[in-house]
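Each residue of the sequence shown is one higher than the one before, starting from 1 at the first, in the UniProt record's numbering.
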Amino acid sequence: MIENDRKSREIICGEVINNPSSVFNVLTPSEKEELMENITCSFFKKGEYIYKEGERPVGLVCLSDGKVKIFKEGVGGREQIVRMAKPIGFIGYRALFAEENNIASAVAIEDSVTCTVSYELMLKFIKTNSDLSLCIIRSLSTELGFSNNRTITLTQKHIRGRLAESLLFLRDTYGFEDDEATIKVYLSREDIANLSNMTTSNAIRTLSTFASEGVISIDGRKIKILDKVRLDRVSKLG
């Protein structure tokens with residue numbers, strides 16, 4: 001059993017380390033070997049916390065499989081989703097590199113697997129591998145740009161524009177099912193509302209309006225985009 005777990009860990013972590021889109025792909029063979037010996041895997045069921053707001057980061061967390069929402073709790077316990085993560089993406093790294101506690105929580109929205117690298121080992125690689133340092137800087141810069149754009153979206157756009165932008169964001173993040181129309185993530189109406197900075201009732205109402213206009217179709221939690229051009233136009237007009 002232990003041997004099987006070790007093989008499973010090696011396969012999962014190996015995919016994370018050698019994936020072309022992973023920052024770890026720029027490590028040298030010896031650095032990859034050291035990383036493989038020290039990286040840890042964790043498995044989370046849908047709805048489980050990967051980390052919580054206020055906790056100290058345990059290391060650099062990479063999502064190997066599954067989907068994760070990162071959110072802050074606001075007034076009255078209402079959530080505001082600030083990010084959605086997909087493989088091979090990093091979560092919680094802002095607090096880690098700032099040496100601060102987490103300012104948001106991360107929850108698996110489907111069964112997920114993470115790989116974690118200790119802060120000490122990451123610092124060692126950053127100091128000795130300039131390519132890794134540049135990759136991390138680019139990732140942080142990209143995330144900052146995304147956060148700035150989301151701030152504008154959530155504060156300046158009207159309800160229809162915010163919801164349209166959220167649907168496009170989910171499409172761009174997770175892609176489509178095989179039909180090239182159904183967004184490949186199934187969120188509750190509450191999560192869609194929390195992503196769009198609106199009440200759940202407003203999200204339900206606006207989704208129904210989009211459906212009646214032929215922009216989307218809804219089947220439970222499945223959302224199919226029927227008119228991509230119009231949805232994009234609603235998002236841009238706000």
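Virtual Cβ for every residue (Gly too), placed ideally from N, Cα, C.
| Backbone secondary structure at Arg83 - three-state DSSP | In this structure, Arg83 counts as strand in the three-state DSSP scheme.
| Nearest-angstrom beta carbon gap, Asn129 and Leu27 [assumed within contact, 8 angstroms] | That belief holds up - the Cβ atoms of Leu27 and Asn129 are roughly 6 angstroms apart, short of 8 angstroms.
| field | Alpha carbon of Val107 to alpha carbon of Thr116, nearest angstrom | value | Taking the straight line joining both Cα atoms gives about 16 angstroms.
| Can the beta-carbon of Asn102 be found closer than 7 angstroms to that of Tyr51? | In contact: Asn102 and Tyr51 (Cβ atoms closer than 7 angstroms).
| query | Which class does Thr116 belong to by DSSP, given the choice of helix, strand or coil? | reply | Three-state result, Thr116: strand.
| request: Just mark Thr151 as buried or exposed, buried being the case when its beta carbon has 16 or more other beta carbons within 10 Å. | output: By the 10 Å Cβ count, Thr151 comes out exposed.
| What number of angstroms, rounded off, separates the C-alpha of Phe43 from the C-alpha of Lys69? | When rounded, the distance between both Cα atoms is 16 angstroms.
| What is the DSSP secondary structure of Val68, counted as helix, strand or coil? | When DSSP states are grouped into helix, strand and coil, Val68 belongs to the strand group.
| query | Going by the beta-carbon positions, is the gap between Ala104 and Glu31 smaller than 7 angstroms? | reply | No, Cβ-Cβ distance for Ala104 and Glu31 is not below 7 angstroms.
| message | Measuring CB atoms only, is the stretch 137-148 touching the stretch 65-80, in the sense that at least three cross pairs come out at less than 8 angstroms? | response | The stretch 137-148 vs the stretch 65-80: no contact.
| query | By how many angstroms is the C-alpha of Glu120 removed from the C-alpha of Arg56? | reply | Rounded to whole angstroms, Arg56 to Glu120 spans 14 angstroms at the Cα level.
| Whole beta strand (DSSP E) runs in the UniProt domain "HTH crp-type" (157-229) with 3 or more residues, listed along the chain? | DSSP runs (the beta strand (DSSP E)) wholly in the UniProt domain "HTH crp-type" (157-229): 216-219 and 222-225.
| Which listed residue (Pro29, Ile91, Glu213 and Ser141) has its alpha carbon closest to that of Val113 | If we check each option's Cα against that of Val113, Ile91 comes out closest.
| By the 10 Å Cβ neighbour count, where 16 or more other Cβ atoms means buried, how is Pro20 classified, buried or exposed? | Of the residues assessed, Pro20 falls on the exposed side of the cut-off, its CB having fewer than 16 other CB atoms within 10 angstroms.
| N- and C-terminal bounds of the beta strand (DSSP E) containing Phe24 | Counting along the chain, Phe24 falls outside any beta strand (DSSP E), and DSSP gives it neither H nor E.
| query | DSSP beta-bridge partners for Cys62? | reply | For Cys62, which the question treats as bridged, DSSP gives the partners Phe90 and Cys115.
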